[in-house]
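Trainee: These protein sequence lines map, in sequence, to chains A and B.
Going left to right, the first sequence walks through residues 21 to 315 as this note's numbering numbers them.
Going left to right, the second sequence walks through residues 55 to 423 as this note's numbering numbers them.
Don't be surprised by glycine CBs; every beta carbon is placed ideally from N, CA and C.
This structure is a prediction, so every number in the text was calculated from the model and none was measured.
Structure incoming, see below.
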Amino acid sequence: MSDAARYSAPRPWSALILRVLLWFVLIVFAIWFLLPAYVVVGTSLKDLDEIRGGSLLALPHELNFSAWRHAWSEACIGVECTGLKPYFWNSVSMALPGVVVSTLLGALTGYALTKWKFKGANLVFALILFGCFVPFQVVILPMAQTLGKIGITNTVYGLILVHSVYGLAFTTLFFRNYYVTIPDELVRAATIDGAGFFTIFHRIILPLSPPIIVVSVIWQFTQIWNDFLFGASFTTGGAQPITVAMNNLVNTTTGVKQYNVDMAAALITAAPTLLVYIFAGRYFVRGLTAGSVKG
Amino acid sequence: MASLTIKNAVKRYGNVEVLKGVSIDLRDGEFLVLLGASGCGKSTLLNMIAGLEDLTEGEIMIGDRVVNDVHPKDRDIAMVFQSYALYPTMTVGQNIAFGLEMRGVPKAERALRVEQVAKTLRMDHLLDRKPAQLSGGQRQRVAMGRALVRDPEVFLFDEPLSNLDAKLRLEMRTEIKRLHKRLNATMVYVTHDQIEALTLADRIAILKDGEVQQLASPAEIYEHPANMFVAGLVGSPPMNFLDITVEAGEAGPAAWVTLRADGADKPVLLDLSAHTARLDGYVGRKVVMGLRPEMISQGTTDAGQCVQCEIDVTEATGADTLCVLNWNNQEVLARGTSGYTKILEGTMDFTIETERACLFDPESGLRLD
Ligand SMILES: Nc1ncnc2c1ncn2[C@@H]1O[C@H](COP(=O)(O)OP(=O)(O)OP(=O)(O)O)[C@@H](O)[C@H]1O
Ligand SMILES: [Mg+2]
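The following block contains the structure:
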């Protein structure tokens with residue numbers, strides 16, 4: 021029997037009931053997950069009176085962005101009342117170089133580990149892989165000392181270094197696993213053609229890498245942008261990333277708790293990673309499952 | 055163009071000895087085929103010539119230059135890989151030009167040479183395509199083009215036709231042959247297809263477990279295989295091996311062979327007097343006799359000894375009909391008359407050309423000389 025015939029055959033009642041039940045469960049779970057998001061967005065668009073007066077679930081009366089404006093450029097974080105703006109740019113100037121450096125180094129390491137196998141390459145890879153399982157907390161103390169020695173404590177550069185080093189384990193894993201699927205004969209052919217290590221990398225291997233570069237970029241961007249612990253440990257005051265600043269913003273409210281500003285701050289903080297997922301999410305999945313390139 | 059000399063090449067991976075002292079000497083412009091079963095070290099040897107693998111021991115010379123420590127790009131070789139190894143993100147034109155570009159050939163000259171090569175290989179209309187948009191045969195051509203454009207001293211081929219279907223393989227085989235004739239370049243060609251080896255080679259080196267079994271012209275290998283391994287590997291359908299005991303006949307050595315005729319076993323004394331010198335000292339001892347199917351042909355001629363045997367089954371292949379005979383419970387392949395013109399069945403006459411038979415020592419497997 022063909023598939024079409026099987027699926028278009030009249031369904032018995034039991035199947036219909038099961039289907040309804042399935043939809044019901046799915047919808048309940050969808051609401052379960054969407055409700056908090058709705059509350060956050062909704063509250064950020066209300067003013068304080070409306071929050072106090074109305075129900076948590078009520079729709080805002082009007083689209084009022086004053087809380088967003090306040091969180092972005094006026095809210096007090098500690099003693100500085102600058103809003104999240106400078107910290108947002110801190111995060112950008114930490115995340116972009118961090119992503120680029122860790123992705124490039126990961127690609128290079130993965131390439132060397134798969135296409136220029138040296139004695140002990142597998143051991144080196146196993147050790148690097150081990151880095152994926154080292155919790156953040158373990159590296160804080162030695163890292164703090166290192167940053168102190170180099171003299172870049174409490175700077176964005178320090179955070180860039182920390183994230184590049186810590187992310188290397190993951191990016192290497194991504195690229196290595198992708199590059200093992202590229203036939204070695206390509207590298208051999210290019211070697212005979214007269215290309216060296218870096219020429220082969222940038223003329224032949226990198227052009228084949230976009231799917232896995234997307235994966236690495238999304239992963240690293242999310243990790244670095246969302247990081248709180250390193251930011252809180254290695255920076256204070258003006259050099260802090262947005263995640264730490266947002267936490268301080270919520271904690272430094274004096275007098276009335278401004279829920280709308282807190283919610284807006286949370287959304288501003290989360291926006292970049294959300295956008296990355298919305299626009300590049302499908303490439304992420306595609307890249308993770310991408311296989312070898314048949315010549 | 056250059057000669058190629060391999061002196062006592064040894065390759066070890068840890069304790070495993072993959073090549074056990076291979077020595078091969080190639081004339082300028084010679085076509086050598088490395089033939090052997092999977093895993094015998096053909097690719098390893100080729101990669102060592104290319105410089106992609108180091109030698110554990112031994113020496114490789116191209117022309118009169120020892121190249122052991124010369125980088126692959128400076129050895130003046132070009133290689134065609136089994137998987138073609140085309141650069142997937144480059145167009146055909148860029149693929150062919152890459153080697154020239156790496157050598158700093160100016161752009162205008164590059165374009166000119168790519169165009170020439172593309173014309174030779176009849177693929178000038180494909181230059182702007184990516185490898186993924188080509189058929190298997192076209193990819194194969196591009197891989198050849200990439201080697202040709204560099205005009206190297208030595209061409210290396212690692213099973214370049216094994217990914218093609220039968221018809222295309224035949225076409226490309228002829229094309230390679232033509233190419234060799236035109237360029238007159240030194241070529242080393244790896245294959246495990248004996249037909250390719252026989253048709254292409256000036257000389258064939260037969261490898262087994264990292265050792266050269268025989269290095270000789272196709273005719274020599276076919277007519278005078280050095281040992282039973284070579285005899286069994288080359289030739290299709292394969293050679294028949296019969297265990298015989300040498301007796302002293304009236305005219306010289308002879309051997310009793312049991313054939314089957316009319317449903318009953320029938321011993322026949324085969325005359326081996328043509329091999330008198332060879333069998334000197336073997337009288338009363340066991341020997342293996344190798345008979346190629348075409349040495350047992352249907353019908354009576356005066357080329358050999360005529361016997362009667364029963365045909366078990368026949369296999370018609372169009373040009374030839376193969377007869378499977380039953381000799382003392384052993385299957386023996388014989389050549390029937392060509393084509394479908396004659397029905398072959400029952401007990402018929404066959405002529406055995408004992409003169410051309412190969413005789414081997416059963417212990418060492420070596421051919422008696
Ligand atoms: N890096 C390596 N480490 C250990 N053994 C190896 C290595 N490379 C090849 N070998 C072994 O060397 C032997 C010869 O390999 P090679 O690739 O030369 O065979 P081949 O004759 O080309 O076979 P095929 O016809 O299948 O291509 C094989 O037994 C293989 O297992
Ligand atoms: Mg091989």
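Verify the contact flag: Val72 (chain B), CB atom, against every heavy atom of ligand 1, threshold strictly below 7 angstroms.
Mentor: Reading the second sequence from its first residue, position 18 is the one you call residue 72 (chain B). True, at least one ligand heavy atom lies under 7 angstroms from that Cβ.
Trainee: Taking Cβ-Cβ distances below 7 angstroms as the criterion, which residues of the segment 135-165 of chain B are in contact with chain A?
Mentor: Residues Phe135, Ser137, Tyr138, Ala139, Leu140, Tyr141, Pro142, Thr143, Phe152, Gly153, Met156 and Arg157.
Trainee: So, is the C-beta of Gly315 (chain A) closer than 8 angstroms to a C-beta in chain B?
Mentor: As a working note, residue 315 (chain A) is residue 295 in the first sequence. With a pLDDT of 41 at Gly315 (chain A), under the threshold of 50, the predicted position of this residue should be treated as unreliable, and no value is reported.
Trainee: According to the neighbour-count rule (16 or more other Cβ atoms, all chains shown, within 10 Å of its Cβ), is Gly420 (chain B) buried or exposed?
Mentor: If you number the second sequence from 1, residue 420 (chain B) lands on position 366. Looking at the sequence provided, one finds Leu at residue 420 (chain B) rather than Gly. By the 10 Å Cβ count, Leu420 (chain B) comes out exposed.
Trainee: Any heavy atom of ligand 1 closer than 7 angstroms to the Cβ of Ser137 (chain B)?
Mentor: Here residue 137 (chain B) is taken as the residue at index 83 of the second sequence, counted from 1. No - ligand 1 has no heavy atom lying nearer than 7 angstroms to the Cβ of Ser137 (chain B).
Trainee: Is Trp43 (chain A) buried or exposed, if buried means 16 or more other CB atoms sit within 10 Å of its CB?
Mentor: Locating residue 43 (chain A) in the first sequence gives position 23, counting from the first residue. The residue is exposed, with fewer than 16 neighbouring Cβ atoms inside 10 Å.
Trainee: Would you mind sorting Trp52 (chain A) into buried or exposed? The rule is 16 or more other CB atoms within 10 Å of its CB.
Mentor: Residue 52 (chain A) sits at position 32 when you count from the first residue of the first sequence. Under this definition Trp52 (chain A) is an exposed residue.
Trainee: Please list the partners that Pro155 (chain A) has in chain B, where partner means a Cβ-to-Cβ separation under 8 angstroms.
Mentor: The residue labelled residue 155 (chain A) in the question sits at position 135 within the first sequence. What Pro155 (chain A) touches in chain B: nothing, since even the nearest Cβ is about 38 angstroms away.
Trainee: Would you please verify whether the beta carbon of Gly118 (chain A) is less than 8 angstroms from any beta carbon of chain B?
Mentor: Counting from one through the first sequence, the residue named residue 118 (chain A) turns up at place 98. Not one chain B Cβ lies under 8 angstroms of Gly118 (chain A).
Trainee: Taking only heavy atoms of ligand 1 into account, decide whether any of them is closer than 7 angstroms to the Cβ of Lys135 (chain A).
Mentor: Position 115 of the first sequence, counting from 1, holds the residue named residue 135 (chain A). No - ligand 1 has no heavy atom lying nearer than 7 angstroms to the Cβ of Lys135 (chain A).
Trainee: Classify His125 (chain B): buried if its beta carbon has 16 or more other beta carbons within 10 angstroms, exposed otherwise.
Mentor: To locate residue 125 (chain B), count along the second sequence from 1; it is residue 71. His125 (chain B) is exposed by the Cβ-count criterion.
Trainee: Less than 8 angstroms between the C-beta atoms of Gln194 (chain B) and Tyr138 (chain B), yes or no?
Mentor: Position 140 of the second sequence holds residue 194 (chain B). Position 84 of the second sequence holds residue 138 (chain B). In contact: Gln194 (chain B) and Tyr138 (chain B) (Cβ atoms closer than 8 angstroms).
Trainee: At which residues does the beta strand (DSSP E) containing Pro307 (chain B) begin and terminate?
Mentor: One-based indexing of the second sequence puts residue 307 (chain B) at position 253. Bounds of the beta strand (DSSP E) holding Pro307 (chain B) are Pro307 to Ala315.
Trainee: How would you call Gly93 (chain B), buried or exposed, if buried means at least 16 neighbouring beta carbons within 10 angstroms?
Mentor: On the second sequence, residue 93 (chain B) is found 39 positions in, with the first residue counted as 1. In this structure Gly93 (chain B) is exposed. Its beta-carbon is surrounded by fewer than 16 other beta-carbon atoms within 10 angstroms.
Trainee: How would you list, in chain order, the residues of chain A whose beta-carbon sits under 7 angstroms from the beta-carbon of Ala104 (chain B)?
Mentor: Position 50 of the second sequence holds residue 104 (chain B). Here the neighbours are Ile212.
Trainee: From the DSSP output, which residues share a beta bridge with Ile258 (chain B)?
Mentor: The residue labelled residue 258 (chain B) in the question sits at position 204 within the second sequence. Note: Ile258 (chain B) sits in a beta bridge opposite B:Val87 and B:Ala270.
Trainee: Listed from N- to C-terminal order along the chain, which residues in the segment 220-253 of chain A have their beta-carbon within a distance smaller than 7 angstroms of any beta-carbon of chain B?
Mentor: Taking 7 angstroms as the cut-off between beta carbons, the residues of the segment 220-253 of chain A near chain B are Ile224, Pro227 and Leu228, in sequence order.
Trainee: Less than 8 angstroms between the C-beta atoms of Asp82 (chain B) and Thr240 (chain B), yes or no?
Mentor: In the second sequence, counting from the first residue as 1, residue 82 (chain B) sits at position 28. In the second sequence, counting from the first residue as 1, residue 240 (chain B) sits at position 186. Yes, they are a contact pair.
Trainee: If contact is defined by three or more beta carbon pairs under 8 angstroms, each pair taking one atom from either stretch, is the segment 147-167 of chain A in contact with the segment 84-94 of chain A?
Mentor: no
Trainee: Restricting to Cα atoms, I'd like to know which of B:Asp205, B:Asp356, B:Thr408 and B:Gln192 is closest to Leu215 (chain B).
Mentor: As a first step, residue 215 (chain B) is located in the second sequence; it is residue number 161 there, counting from the start. Nearest option by C-alpha distance: B:Gln192.
Trainee: Using a Cβ-Cβ distance under 8 angstroms, would Ala209 (chain A) count as near chain B?
Mentor: For the purposes of this step, residue 209 (chain A) is taken as residue 189 along the first sequence, with counting starting at 1. Taking CB atoms only, Ala209 (chain A) has a neighbour in chain B less than 8 angstroms away.
Trainee: Can you tell me whether Asn212 (chain B) sits near ligand 2, meaning its C-beta is under 7 angstroms from at least one heavy atom of the ligand?
Mentor: Here residue 212 (chain B) corresponds to residue number 158 of the second sequence, with the count starting at 1. Note on identity: in this sequence residue 212 (chain B) is Asp, with Asn being the wrong assignment. Yes, the beta carbon of Asp212 (chain B) sits closer than 7 angstroms to at least one heavy atom of ligand 2.
Trainee: List, from N- to C-terminal side, the beta strand (DSSP E) runs of 3 residues or more that fit wholly inside the segment 167-228 of chain B.
Mentor: 208-212
Trainee: Going along the chain, which unbroken runs of the alpha helix (DSSP H) with 4 or more residues stay wholly within the segment 90-176 of chain A?
Mentor: 105-135, 141-150 and 156-170
Trainee: State yes or no: is the beta carbon of Pro214 (chain B) nearer than 8 angstroms to at least one beta carbon in chain A?
Mentor: Position 160 of the second sequence holds residue 214 (chain B). Not an interface residue.
Trainee: Under 8 angstroms between beta-carbons, which chain A residues line up against Asp131 (chain B)? List them in chain order, please.
Mentor: By one-based count along the second sequence, residue 131 (chain B) stands at place 77. It should be noted that the sequence gives Ile, not Asp, for residue 131 (chain B). Those are Ile212, listed as they occur along chain A.
Trainee: So is Gly358 (chain B) buried or exposed if we call it buried at 16+ other beta carbons inside 10 Å?
Mentor: As a first step, residue 358 (chain B) must be located in the second sequence, where it is residue number 304. With 16 or more Cβ atoms within 10 Å of its Cβ, Gly358 (chain B) is classed as buried.
Trainee: Compare the C-alpha of Leu65 (chain A) against each of A:Leu54, A:Leu55, A:Leu77 and A:Glu82 and name the closest.
Mentor: What you label residue 65 (chain A) is simply residue 45 of the first sequence in a count that begins at 1. It is A:Glu82 whose Cα lies nearest to the Cα of Leu65 (chain A).
Trainee: Got a sec: is the Cβ-Cβ distance from Lys262 (chain B) to anything in chain A below 8 angstroms?
Mentor: To locate residue 262 (chain B), count along the second sequence from 1; it is residue 208. No, its Cβ sits nowhere closer than 8 angstroms to a Cβ of chain A.
Trainee: Hey, is Leu206 (chain A)'s beta-carbon within less than 8 angstroms of any beta-carbon in chain B?
Mentor: Along the first sequence, read from residue 1 onward, the residue named residue 206 (chain A) stands at position 186. True, the Cβ-Cβ gap to chain B drops below 8 angstroms.
Trainee: Can you confirm whether Lys65 (chain B), when its beta carbon is compared against all beta carbons of chain A, has any partner nearer than 8 angstroms?
Mentor: Sequence index remark: in the second sequence, residue 65 (chain B) carries index 11 (1-based). Cβ-Cβ to chain A under 8 angstroms: no for Lys65 (chain B).
Trainee: How many angstroms separate the CA atom of Leu323 (chain B) from the CA atom of Leu237 (chain B)?
Mentor: Working through the second sequence from its first residue, we reach residue 323 (chain B) at position 269. Working through the second sequence from its first residue, we reach residue 237 (chain B) at position 183. Cα to Cα, Leu323 (chain B) sits roughly 53 angstroms from Leu237 (chain B).
Trainee: Is Ala373 (chain B) helix, strand or coil by DSSP?
Mentor: Residue 373 (chain B) sits at position 319 when you count from the first residue of the second sequence. Note: Ala373 (chain B) maps to coil in three-state DSSP.
Trainee: Rounded to the nearest angstrom, what separates Met402 (chain B) and Pro206 (chain B) at their Cα positions?
Mentor: By one-based count along the second sequence, residue 402 (chain B) stands at place 348. By one-based count along the second sequence, residue 206 (chain B) stands at place 152. Distance between the alpha carbons of Met402 (chain B) and Pro206 (chain B) is about 57 angstroms.
Trainee: What residues from the segment 296-328 of chain B come within 7 angstroms of chain A, judged by C-beta to C-beta, listed N to C?
Mentor: none
Trainee: Which partner residues does Phe414 (chain B) have in the DSSP bridge list?
Mentor: Start at 1 with the first residue of the second sequence, and residue 414 (chain B) comes out as number 360. Answer by DSSP bridge pairing, in chain order: B:Val342 and B:Arg421.
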